[in-house]
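**Student:** The numbering of the sequence shown is this note's numbering, which starts it at 51 and goes up by one.
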Amino acid sequence: MPAAAGCPKGMDACRKAMGEMSSDEEVAKQFRCRNPLKLLGRLLAQLLQAMVLTLERAIEWLGHEPERKWENVKLLEAIQIRTPSPIVLAQRAKVLVEKGDEEGALRLYVKCLELEPENTMYLDSAAEILAELGDDVGAKDLVVKSIEIAPNQGHGKYLLLGHLERGDTAITSFEKCLDVLNIELAQLNVPGTLLDKEVASEKTKIKKIMSEVMAAIAKVYLTDCFMEKDAQKICQELLDQSLLYDPDNPESTQALADLRMSQNRKGEALVMVRRTMDICANLDGGLSPSYDFRCVTARLLMELSQYEHAEGVLEDLVMEDEEDTEVWYLLGLCYLLLHKPNKCRTALSQAKYLLERTRTSNTHLMEQINCFLER
Numbered sequence: 051m052p053a054a055a056g057c058p059k060g061m062d063a064c065r066k067a068m069g070e071m072s073s074d075e076e077v078a079k080q081f082r083c084r085n086p087l088k089l090l091g092r093l094l095a096q097l098l099q100a101m102v103l104t105l106e107r108a109i110e111w112l113g114h115e116p117e118r119k120w121e122n123v124k125l126l127e128a129i130q131i132r133t134p135s136p137i138v139l140a141q142r143a144k145v146l147v148e149k150g151d152e153e154g155a156l157r158l159y160v161k162c163l164e165l166e167p168e169n170t171m172y173l174d175s176a177a178e179i180l181a182e183l184g185d186d187v188g189a190k191d192l193v194v195k196s197i198e199i200a201p202n203q204g205h206g207k208y209l210l211l212g213h214l215e216r217g218d219t220a221i222t223s224f225e226k227c228l229d230v231l232n233i234e235l236a237q238l239n240v241p242g243t244l245l246d247k248e249v250a251s252e253k254t255k256i257k258k259i260m261s262e263v264m265a266a267i268a269k270v271y272l273t274d275c276f277m278e279k280d281a282q283k284i285c286q287e288l289l290d291q292s293l294l295y296d297p298d299n300p301e302s303t304q305a306l307a308d309l310r311m312s313q314n315r316k317g318e319a320l321v322m323v324r325r326t327m328d329i330c331a332n333l334d335g336g337l338s339p340s341y342d343f344r345c346v347t348a349r350l351l352m353e354l355s356q357y358e359h360a361e362g363v364l365e366d367l368v369m370e371d372e373e374d375t376e377v378w379y380l381l382g383l384c385y386l387l388l389h390k391p392n393k394c395r396t397a398l399s400q401a402k403y404l405l406e407r408t409r410t411s412n413t414h415l416m417e418q419i420n421c422f423l424e425r
């Protein structure tokens, strides 16, 4: 073996010891010994002494190669796992978001914030994921912190905050979002920063986002602030401007349909609902509207007596969320108006079961469900 070849002194000592044990004089003494146990003890002691000497020589030989030890240390350092940079972690997080793994992406953004706690890009990205996961409080906390750090950078945080707030507070956030977008739009007019084609493309993107924000403000006026003075007029102006920036914005066409319904202009409302459905059917990249967006579309279709179209939308919704009481109720009502009694009873019974299980205080909805089931 290599160890033996590298420590000849130890082996010589061992052979010498064994040789001494086999000398004629020692053999004669052993035969003269009358106690065999003493003889065996002496032999074992000599053998043990030889082994200890061999080990000592081997240890001494190993100690004479510090260069090899240092090479091992450097090797261990080279293969040691190091914490990736925040930029690398953020890139991995974006990939996970694209794959639909929001929780995994959130864990990576948390690591980014541990390394750079005041990086607003990581704060905004983590806030968006928290909002998507239903943690509105956590999302709002991160957005507020991001605003405190950089109030005039990043329109996305104001857009998210507007969706998390209600009433006038939501409108204020959306309007601040428009202010930041206008700053970004003005910066594109600085000569020499981008090519003409790039400038045109960026302007189009910003205007589409502005269209989205204006539609969001209009929806607040249609709901929380509907009773305010000139609410309908403001809403109309916002939607006109929104459609000017992006004629194919389904949020704007749907909000305009809702506005026409509130004005009892059902013919125009129906035109806008159909326009909304056409736009959604041809969205780029196979995208589909959000769950809440389709709920509003289904409600408008029901109010406009478009029951067959509403049926398809509502059936898709209950497949996505079997715990939505109001959608089950609307589906049951839709079946009733389409003269499908068995399906109607099934849907209304499910809505009643969900109401009873959650023990909500919506007694009016329960009374309506019971009334239909008793027919």
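We treat Cβ as the ideally placed atom computed from N, Cα and C, and that holds for glycine.
Bear in mind the structure is a predicted one, so any value in this text is a computation, not a measurement.
Measuring straight from C-alpha to C-alpha, what distance separates Leu112 and Gln96?
**Tutor:** For this step, residue 112 is matched to residue 62 along the sequence shown. For this step, residue 96 is matched to residue 46 along the sequence shown. Its pLDDT being 49, under 50, Leu112 is placed unreliably by the model, and the measurement read from it follows with that caveat. Their Cα atoms are separated by approximately 25 Å.
**Student:** In angstroms with no decimal places, state the Cα-to-Cα distance between Cys384 and Gly317.
**Tutor:** Translated into the one-based positions of the sequence shown, residue 384 becomes position 334. Translated into the one-based positions of the sequence shown, residue 317 becomes position 267. The straight-line gap from Cα to Cα measures roughly 21 Å.
**Student:** How is Lys253 classed by DSSP in three states: helix, strand or coil?
**Tutor:** Residue mapping note: residue 253 aligns to position 203 of the sequence shown, counting from 1. Three-state DSSP puts Lys253 in a helix.
**Student:** Could you check whether the segment 223 to 241 touches the segment 278 to 286, counting it as contact only if at least three pairs of C-beta atoms, one from each stretch, sit closer than 8 Å?
**Tutor:** At 8 Å Cβ cutoff, the stretches do not touch.
**Student:** In angstroms with no decimal places, state the Cα-to-Cα distance between Ile223 and Leu209.
**Tutor:** Looking up residue 223 in the sequence shown gives position 173. Looking up residue 209 in the sequence shown gives position 159. It should be pointed out that residue 223 corresponds to Ser in this sequence rather than to Ile. Rounded to whole angstroms, Ser223 to Leu209 spans 7 Å at the Cα level.
**Student:** Considering Cα atoms alone, identify which of Leu381, Lys390, Asp374, Ala331 is closest to Glu406.
**Tutor:** Against the sequence shown, residue 406 aligns to sequence position 356. The shortest Cα separation from Glu406 among Leu381, Lys390, Asp374, Ala331 belongs to Asp374.
**Student:** Would you mind stating whether Gly204 and Asp174 have Cβ atoms separated by less than 9 Å?
**Tutor:** In the sequence shown, the residue the question calls residue 204 occupies position 154. In the sequence shown, the residue the question calls residue 174 occupies position 124. Yes, these two residues count as a Cβ contact at 9 Å.
**Student:** Could you tell me whether the Cβ atoms of Leu380 and Met416 are closer together than 9 Å?
**Tutor:** One-based indexing of the sequence shown puts residue 380 at position 330. One-based indexing of the sequence shown puts residue 416 at position 366. Cβ distance not < 9 Å, so Leu380 and Met416 don't count as in contact.
**Student:** Between the Cα of Leu192 and those of Val270, Ile259, Pro167, spot the shortest distance and give me the residue it belongs to.
**Tutor:** As a working mapping, residue 192 is identified with position 142 in the sequence shown. Here the closest residue by C-alpha is Pro167.
**Student:** Where are the alpha helix (DSSP H) runs, 4 residues long or more, that stay fully inside the segment 264 to 327, in chain order?
**Tutor:** Runs found: 281 to 295, 300 to 312.
**Student:** Can you tell me whether DSSP reads Ser135 as helix, strand or coil?
**Tutor:** As a position in the sequence shown, residue 135 is number 85, starting the count at 1. It is coil, neither helix nor strand.
**Student:** Please classify Arg216: does DSSP put it in a helix, a strand, or coil?
**Tutor:** The sequence position of residue 216 within the sequence shown is 166, counting from 1. Here Arg216 sits in coil by DSSP.
**Student:** Are Leu398 and Gly382 close, meaning C-beta to C-beta below 9 Å?
**Tutor:** The sequence position of residue 398 within the sequence shown is 348, counting from 1. The sequence position of residue 382 within the sequence shown is 332, counting from 1. Yes, Cβ-Cβ distance for Leu398 and Gly382 is below 9 Å.
**Student:** Contact check, Gln304 vs Val263 under 8 Å by CB: the rounded distance?
**Tutor:** In the sequence shown, the residue the question calls residue 304 occupies position 254. In the sequence shown, the residue the question calls residue 263 occupies position 213. Between Val263 and Gln304 the Cβ distance is about 15 Å, and since that is not below 8 Å, they are no contact.
**Student:** Judging by CA-CA distance, which residue of His359, Glu361, Gln400, Arg395 is the nearest neighbour of Glu372?
**Tutor:** In the sequence shown, the residue the question calls residue 372 occupies position 322. It is Gln400 whose Cα lies nearest to the Cα of Glu372.
**Student:** Using the beta-carbon count (16 or more within 10 Å), is Cys57 buried or exposed?
**Tutor:** The count along the sequence shown starts at 1 and reaches residue 57 at position 7. With a pLDDT of only 43 at Cys57, under the threshold of 50, the placement of this residue in the model should not be trusted; the figure read from the coordinates follows. Answer is buried; the Cβ neighbour count reaches 16.
**Student:** I'd like to know whether the C-beta atoms of Leu354 and Met327 end up nearer to each other than 9 Å.
**Tutor:** Start at 1 with the first residue of the sequence shown, and residue 354 comes out as number 304. Start at 1 with the first residue of the sequence shown, and residue 327 comes out as number 277. Cβ distance not < 9 Å, so Leu354 and Met327 don't count as in contact.
**Student:** In the structure shown, what three-state DSSP assignment does Lys390 receive?
**Tutor:** As a first step, residue 390 is located in the sequence shown; it is residue number 340 there, counting from the start. It is coil, neither helix nor strand.
**Student:** Return the first residue and the last residue of the alpha helix (DSSP H) that Leu165 is part of.
**Tutor:** Start at 1 with the first residue of the sequence shown, and residue 165 comes out as number 115. Unbroken alpha helix (DSSP H) run through Leu165: 152 to 165.
**Student:** Just mark Cys275 as buried or exposed, buried being the case when its beta carbon has 16 or more other beta carbons within 10 Å.
**Tutor:** By 1-based counting over the sequence shown, the position of residue 275 is 225. Its Cβ being crowded by 16 or more others within 10 Å, Cys275 is buried.
**Student:** How long is the line joining the alpha carbons of Leu387 and Gly362, rounded to whole angstroms?
**Tutor:** Here residue 387 is taken as the residue at index 337 of the sequence shown, counted from 1. Here residue 362 is taken as the residue at index 312 of the sequence shown, counted from 1. Their Cα atoms are separated by approximately 14 Å.
**Student:** Would Ala348 pass as a contact of Leu364 if the rule is Cβ separation under 9 Å?
**Tutor:** Residue 348 sits at position 298 when you count from the first residue of the sequence shown. Residue 364 sits at position 314 when you count from the first residue of the sequence shown. Going by C-beta atoms, Ala348 is nearer than 9 Å to Leu364.
**Student:** Roughly how many angstroms separate the alpha carbons of Leu211 and Asn299, rounded to a whole number?
**Tutor:** Walking along the sequence shown from the start, residue 211 turns up at place 161. Walking along the sequence shown from the start, residue 299 turns up at place 249. Each residue's alpha carbon lies about 21 Å from the other.
**Student:** What does the alpha-carbon distance come out to for the pair Ala250 and Lys258?
**Tutor:** Walking along the sequence shown from the start, residue 250 turns up at place 200. Walking along the sequence shown from the start, residue 258 turns up at place 208. Near 12 Å, if we compare the C-alpha coordinates of Lys258 and Ala250.
**Student:** My output table needs one value for His205: the three-state DSSP class, helix, strand or coil.
**Tutor:** What you label residue 205 is simply residue 155 of the sequence shown in a count that begins at 1. Looking at His205 - three-state DSSP - the assignment turns out to be coil, as it is neither helix nor strand.
**Student:** Have a look at Asp319 and Leu309 and give me their C-alpha separation to the nearest angstrom.
**Tutor:** Walking along the sequence shown from the start, residue 319 turns up at place 269. Walking along the sequence shown from the start, residue 309 turns up at place 259. A small correction: the amino acid at residue 319 is Ala; Asp does not occupy that position in the sequence shown. Near 8 Å, if we compare the C-alpha coordinates of Leu309 and Ala319.
**Student:** On the CB-based measure, 16 or more other CB atoms within 10 Å of its CB, does Ser261 come out buried or exposed?
**Tutor:** Indexing the sequence shown from 1 puts residue 261 at position 211. It is buried - the Cβ of Ser261 has at least 16 other Cβ atoms within 10 Å.
**Student:** Report the CB separation of Ala220 from Val270 in whole angstroms; it is logged as a contact under 8 Å.
**Tutor:** Reading the sequence shown from its first residue, position 170 is the one you call residue 220. Reading the sequence shown from its first residue, position 220 is the one you call residue 270. Going by Cβ atoms, the distance from Ala220 to Val270 rounds to 5 Å, so yes, they are a contact pair.
**Student:** Three-state secondary structure (DSSP) at Gly362?
**Tutor:** Looking up residue 362 in the sequence shown gives position 312. Of the three classes helix, strand and coil, the one that applies to Gly362 here is helix, per DSSP.
**Student:** What do you get for Thr408, buried or exposed, if any count of 16 or more other CB atoms within 10 angstroms of its CB means buried?
**Tutor:** Taking the sequence shown and counting its residues from 1, the one referred to as residue 408 is at position 358. Burial call: exposed.
**Student:** On the three-state DSSP scale, how would you describe Leu381?
**Tutor:** For the purposes of this step, residue 381 is taken as residue 331 along the sequence shown, with counting starting at 1. Leu381 falls in the helix class under three-state DSSP.
**Student:** Is it the case that the Cβ atoms of Trp378 and Leu350 are separated by a distance below 9 Å?
**Tutor:** Taking the sequence shown and counting its residues from 1, the one referred to as residue 378 is at position 328. Taking the sequence shown and counting its residues from 1, the one referred to as residue 350 is at position 300. Taking 9 Å as the Cβ cut-off, Trp378 and Leu350 do not qualify as a contacting pair.
**Student:** Does DSSP put Leu423 in a helix, in a strand, or in coil?
**Tutor:** Counting from 1 along the sequence shown, the entry for residue 423 is found at position 373. The answer is helix: DSSP assigns Leu423 an H, G or I state.
**Student:** Can you tell which of Val187, Gly217, Lys161, Val145 has the C-alpha that lies nearest to the C-alpha of Thr273?
**Tutor:** Taking the first residue of the sequence shown as position 1, residue 273 is located at position 223. With distances taken between Cα atoms, Thr273 lies closest to Gly217.
**Student:** Just the C-alpha distance for Ala176 and Glu164, rounded to the nearest angstrom, thanks.
**Tutor:** Start at 1 with the first residue of the sequence shown, and residue 176 comes out as number 126. Start at 1 with the first residue of the sequence shown, and residue 164 comes out as number 114. Computed Cα separation, rounded: 12 Å.
**Student:** Can you name the start and end residues of the alpha helix (DSSP H) that Arg349 belongs to?
**Tutor:** Position 299 of the sequence shown holds residue 349. Unbroken alpha helix (DSSP H) run through Arg349: 341 to 353.
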